[in-house]
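Here the structure comes first, spelled out in structure tokens, and everything after it is commentary.
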Amino acid sequence: MDPDTLMPDSDAEVASNTRHFVVAVDFGTTFSSVAYVGYTHPNQRFRIGFRQVEIVDRYPDHPYGNFTCHDVPTEIWYSQRIAAPLHSDGSAVENELPADDTSSEDDDDNESETEISSEGASEPDVLLNTLGETCKTLKKMRLIEEDIDIIADYLEQLFRHTKKRLIESEGYTDASPVEFVLCIPAIWKAKAARQMQVAMGTAITKSGLGKLQNGSIDNLFLVSEPEAAAACLLASEKTRLETDDTFILLDAGGGTVDAITYTVDKDIPLRLRTEEVVPGGAMCGSSFINERLEDLLISKLKAHAYLEKNGETLSKIINGLVVDFERQGKKKMDLILQDHTAHFTIKIPGLLENKKKRFRDGKMYLTRKEAKKLFKPSLEGVARVMMDQLRMAQQKGRKVKKIILIGGFGQSESLSAYLRDTLEKECGLEDKNIVLESSKIQ
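So that you can map any letter, position 112 of the sequence shown is 114 in the working numbering, and since no number is skipped, the others follow by simple counting.
And the structure:
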């Protein structure tokens, strides 16, 4: 029998059919995801292992086929009458519209579509400030009352899909108690956390996934992303750490990059303590690579209006190219950065030949130099966060043994190579043995 299998503590537990759930939300800059664990008796909480945690999947109309997808774009599309999550082309939104909500041709003038993304944003108020004009439009259309409603609407749709999956596969009922965990960047201030609490409360109420306790979110727990990642590392036991080892957890995500210093208090079982080092962080994650690609595409394609066919504007074409790049192209480009002779191609149907711009056969060719320009600012930003945290730890008298790189951007081969080069160049002889270890935790 699997030692992680949750067994009932008594016959009374067997008789109970009520499932309890803990639902954890990772509200990301580019993509968001939801994880959960279910159990039938409170005593089982203490035996929940790493392998019991499941991740919500099967988001509707995923644009890249039927393979398992554990995240969804942090984007939302509004019509005059409904809000729903957007994948890349709005197909999921259309399929989630109720039949009686589909407008007739006579209603076309009353329809408005707005795409909202948190790409490049950090705290909720920063995100909402970047969407100022969009918020004004949505208020005029009476689709939202407050700016924060945009985030609440997105979370509502995320929770609706989560509820559907829990009903289908986990025996969720309206009687099932649900606790919520929200992962937030370490650099967020208290105000940002409160804003997300408000949005979460609204989303919980509207989605029907669980209930508020005492009219508020007493059952919501906030945890910093690095702390959540550290707990995951401990549970997976895939990193070799011993008592008194000090390490830096470097969490490189889509928007924020966080760094926090820990020391191992106990090795069996592993227990950590946070050092008296101020956690570091910056907005330099991988989503900014997308933004730089978008700027490059605009500069190269703005004079090619002939691409606009069948209602496809240049803006929409470029947006689709950036989405494809995020899902598939970025990993390929990441790998060629190590190859001095490589080039990168972007397929653009209908693109006419232009030797000066390196357009040929419906493809745009980017040189390795152009690709490096897209990545370089983010690579440098992560390296600064890492070195600042390392120096602060050293000033506190801690000898850092390793740096553990996690997060979606943390899987980047070029980032790992750049950070190793930085450590080699900037560390003194006494720190030459610092190990950079890349973890699969995202």
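Even for Gly, the Cβ is constructed at its ideal location relative to N, Cα and C. Keep in mind it's a predicted model, so treat the numbers as computed, not measured.
- Secondary structure remark: continuous alpha helix (DSSP H) runs of at least 4 residues inside the segment 272–350, in chain order: 289–303, 316–326 and 332–338.
- If you draw a straight line from the Cα of Lys-371 to the Cα of Ser-301, it comes to about 16 Å.
- Nearest neighbour of Lys-403 by Cα position, chosen from Phe-182, Gly-212, Leu-298 and Glu-439, turns out to be Glu-439.
- Bounds of the alpha helix (DSSP H) holding Phe-161 are 151–172.
- Nearest to Ala-201 by C-alpha distance, out of Glu-147, Ala-177, Asp-433 and Pro-62, is Glu-147.
- For Cys-185, there is no enclosing alpha helix (DSSP H); the residue is part of the beta strand (DSSP E) that begins and ends at 180–186.
- The segment 247–265 makes contact with the segment 391–411, as at least three CB pairs between them are under 8 Å.
- When beta bridges are read from the DSSP output, Lys-213 appears opposite no residue.
- Going by DSSP, Met-366 is part of the beta strand (DSSP E) stretching over 365–369.
- As computed with DSSP, Asp-28 is found in a beta bridge with Ser-35 and Cys-185.
- Distance from the CA atom of Asp-176 to the CA atom of Lys-334, rounded to whole angstroms, is 44 Å.
- The bridge partners DSSP lists for Glu-382 come to none.
- The beta-carbon distance between Ile-153 and Pro-126, rounded to whole angstroms, is 6 Å. This is short enough to meet the 8 Å contact definition.
- Per DSSP, Asp-423 is one residue of the alpha helix (DSSP H) stretching across 415–428.
- Cβ-Cβ separation between Tyr-41 and Glu-56: approximately 12 Å, too far for a contact (criterion under 8 Å).
- By the Cβ test, the segment 278–295 is in contact with the segment 23–32, since at least three Cβ pairs between them sit closer than 8 Å.
- A direct Cα-to-Cα measurement between Glu-277 and Thr-265 gives close to 7 Å.
- Distance between Leu-236 and Leu-252, taken at the CA atoms: about 15 Å.
- Burial check for Asn-292: the Cβ neighbour count within 10 Å reaches 16 or more, so the residue is buried.
- Spanning the alpha carbons of Asp-267 and Thr-248 requires a straight line of approximately 10 Å.
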